[in-house]
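Data block below; observations after.
Residue numbers (the UniProt record's numbering): 1 to 168.
Right, dumping it as structure tokens:
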């Protein structure tokens with residue numbers, strides 16, 4: 001894909017998908033390859049706390065694919081954890097589609113879905129090598145919390161409270 005091929009003139013379409021669909025698997029494979037190239041220790045998804053696909057399907061969760069025409073150029077997942085809580089997983093935008101607000105749109109769509117499902121607390125983990133992602137999270141109201149999982153790759157853990165009944 002050339003840089004111009006992913007230009008989002010008029011914006012990308014965000015569609016719910018099964019994370020096992022070919023377009024989703026393509027996005028995830030490109031995301032994992034990018035992590036492997038950016039993390040000092042590389043990245044092996046089999047060592048990560050990779051969510052089960054069913055946890056990112058309604059009613060427990062949601063998986064979105066961003067499309068520029070017929071090209072999948074981004075994805076993001078929401079993994080249902082339990083009453084009132086969910087975790088954002090696998091936010092990725094193709095390099096050629098970056099800088100156009102797509103990651104922010106994917107996150108906003110996940111948050112809107114979560115709020116509509118009664119989720120009041122979102123969690124996510126990330127790695128400090130992903131500075132642009134961390135900047136987005138901080139700019140959109142995510143706050144640091146203590147480590148909440150034993151995944152070997154993240155070194156930053158965040159939460160965001162959504163309007164609604166406070167989490168006890």
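Cβ atoms here follow ideal geometry from the backbone N, Cα and C, with glycine treated the same way.
By a C-beta neighbour count over all protein chains shown, 10 Å radius and 16 as the cutoff for buried, is residue i buried or exposed?
| i | result |
| --- | --- |
| residue 74 | buried |
| residue 72 | buried |
| residue 51 | buried |
| residue 140 | exposed |
| residue 86 | buried |
| residue 105 | buried |
| residue 90 | buried |
Inspect the beta-carbon positions of residue i and residue j and report whether they are closer than 9 Å.
| i | j | result |
| --- | --- | --- |
| residue 109 | residue 76 | yes |
| residue 112 | residue 12 | no |
| residue 53 | residue 18 | yes |
| residue 152 | residue 48 | yes |
| residue 126 | residue 133 | yes |
| residue 158 | residue 114 | no |
| residue 81 | residue 62 | no |
| residue 84 | residue 118 | yes |
| residue 14 | residue 66 | yes |
For residue i, collect the residues of the same chain with a Cβ closer than 8 Å to its Cβ; drop the 5 residues on either side in sequence, then sort them by chain order.
| i | result |
| --- | --- |
| residue 30 | 92 and 94 |
| residue 40 | 129 |
| residue 98 | 132 |
Considering only residues of the same chain and omitting the five flanking positions on each side of residue i, which have a CB-CB separation below 6 Å?
| i | result |
| --- | --- |
| residue 36 | 42 and 43 |
| residue 136 | 103 |
| residue 147 | 157 |
| residue 60 | 80 |
| residue 38 | 129 |
Using a C-beta cutoff of 9 Å, does residue i count as contacting chain B?
| i | result |
| --- | --- |
| residue 132 | Although the question refers to chain B, the structure presented lacks it and comprises just one protein chain. |
Please return the same chain residues whose Cβ sits closer than 7 Å to the Cβ of residue i, not counting the five positions on each side in sequence.
| i | result |
| --- | --- |
| residue 20 | 53 |
| residue 145 | 157, 158 and 159 |
Within the UniProt domain "N-acetyltransferase" (12–163), ranges of the beta strand (DSSP E) (whole runs, at least 3 residues): You should have 13–16, 62–68, 71–82, 85–93, 121–126 and 156–161.
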